[in-house]
Amino acid sequence: MPAPIPPAPDLQHLKKQAKDLLKARAAGDPEALATLREHLPRVARDDDASITLHDVQTVIARHYDFVSWADLRATVGEIESV
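So the sequence shown is numbered by the numbering used here: it starts at 90 and just counts up by one.
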């Protein structure tokens, strides 16, 4: 289920969140793998060793109900500029 975007989102925090998820997956964290599988269906079908930072950024975006990292980044940029 998508999570609401924080009221004052910070792109640097979201980037760190993506990197942390990638590290957790590399460490074999089952919760990280479950999150990846939930938001990136190909992970359930393919070898998850090929997951990239771009893939994980997509997962973070989808977690917040955005189609892509670019969409999330654009929305955060608009919010930050207000």
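Cβ coordinates follow ideal geometry from the N, Cα and C atoms, glycine included.
Contact between alanine 123 and arginine 114 fails: their C-beta atoms lie close to 10 Å from each other, not under 8 Å.
When the five nearest sequence neighbours on each side are left out, the beta carbons in the same chain lying within less than 6 Å of the beta carbon of isoleucine 94 are those of Tyr153, in order along the chain.
Cβ neighbours of serine 157 within its own chain (closer than 8 Å, five residues either side excluded): Thr147 and Ala150. Glutamine 106 and proline 98 have their C-alpha atoms spaced approximately 12 Å apart.
Less than 8 Å separates the beta-carbon of valine 145 from that of leucine 111.
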